Amino acid sequence: MDNREKLLHAAGRIYAEVGFRGATTRRIADEAGVNEVTLFRLFGSKSQLIAEAINCQDPMGAVSLPRIPVDPWRELNDWCAGHATALREMRATIRKTMADLEEHPDMGPHLCRGQTVHFNELVAYAQRLVALHPSVRDADVATSCSMLFSALFGDAMGRDIMPMVYPQPEEGATARYVETFLRSIGVAPSSASGAWSATSSLPAVGPA
0 MDNREKLLHA
10 AGRIYAEVGF
20 RGATTRRIAD
30 EAGVNEVTLF
40 RLFGSKSQLI
50 AEAINCQDPM
60 GAVSLPRIPV
70 DPWRELNDWC
80 AGHATALREM
90 RATIRKTMAD
100 LEEHPDMGPH
110 LCRGQTVHFN
120 ELVAYAQRLV
130 ALHPSVRDAD
140 VATSCSMLFS
150 ALFGDAMGRD
160 IMPMVYPQPE
170 EGATARYVET
180 FLRSIGVAPS
190 SASGAWSATS
200 SLPAVGPA
């Protein structure tokens with residue numbers, strides 16, 4: 000691991016613990032085993048270092064959606080479960096960044112940049128899925144994807160604070176989010192065997 004990687008790892012760990020104010024360049028340099036001169040030579044400023052450290056923290060890894068939907072229930076469940084796990088692993092960093100946004104609004108885009116890629120992947124997948132069902136009409140794919148993405152983010156960030164507002168039990172929440180998402184774009188399971196078909200209309204919500 001070279002000095003740049005050492006500094007990025009150290010900055011990410013320390014920032015997640017103490018936020019922007021507490022993550023001093025001296026502490027980061029000491030943690031990385033390099034001197035502050037090297038830190039500034041490589042990154043120019045603390046803000047730039049922390050911004051790059053945040054961008055590097057995307058534990059989604061190889062979790063991705065296939066180009067052609069084959070088994071949307073399984074594919075989306077796997078993707079959402081991986082994304083939820085990644086968000087929980089990054090929860091401390093995300094919370095610190097959100098708390099720091101008032102004083103350091105320039106950190107916002109760095110927090111969002113990595114997630115934008117995953118959101119765009121979800122939208123593209125959903126558009127291809129809807130295209131496979133010509134009978135689906137007027138599916139608001141972008142809004143449905145936004146709702147699913149927001150549900151995953153909110154669950155990962157807020158379940159430990161307000162567990163009563165999220166589906167219970169926790170281990171079944173992702174499947175319920177996926178089912179609701181699929182129905183919202185007009186695609187739903189036609190049988191227990193896992194076959195999928197277009198729905199003629201969305202299910203009724205609330206009292207009859």
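Numbering (numbering that gives the first Met the number 0), first residue to last: 0 to 207. Virtual Cβ for every residue (Gly too), placed ideally from N, Cα, C. Here the structure is a predicted model, which means the values were calculated and not measured.
Have a look at residue i and residue j and give me their C-alpha separation to the nearest angstrom.
i    : j    : result
E210 : G11  : What is shown of the chain runs 0 to 207, which leaves residue 210 out entirely.
L41  : M0   : 15 angstroms
S143 : S63  : 19 angstroms
A138 : S183 : 7 angstroms
N34  : F19  : 19 angstroms
A52  : L7   : 5 angstroms
L100 : S134 : 45 angstroms
T37  : I93  : 27 angstroms
P206 : L181 : In this prediction, P206 has a pLDDT of 40, which is less than 50 and means its spatial position is unreliable; what the coordinates show is noted afterwards. In a straight line, the C-alpha of P206 is about 22 angstroms away from that of L181.
E178 : H82  : 16 angstroms
R136 : G185 : 8 angstroms
Y14  : K95  : 8 angstroms
A9   : R90  : 17 angstroms
V164 : L147 : 15 angstroms
G171 : C79  : 12 angstroms
Along the chain, where does the alpha helix (DSSP H) containing residue i start, and where does it finish?
i    : result
M97  : R90 to D99
Q47  : K45 to C55
D159 : Segment: none, D159 is in no alpha helix (DSSP H) and carries neither H nor E.
How is residue i classed by DSSP in three states: helix, strand or coil?
i    : result
A187 : strand
P65  : coil
S134 : coil
V33  : coil
H82  : helix
T23  : coil
Y165 : coil
D77  : helix
H103 : coil
M146 : helix
_Using a Cβ distance threshold of 8 angstroms, determine whether the stretch 23-33 contacts the stretch 98-109, with at least three qualifying pairs required._
no
*Per the contact definition of three or more C-beta pairs closer than 8 angstroms, is the stretch 67-80 in contact with the stretch 119-129?*
yes
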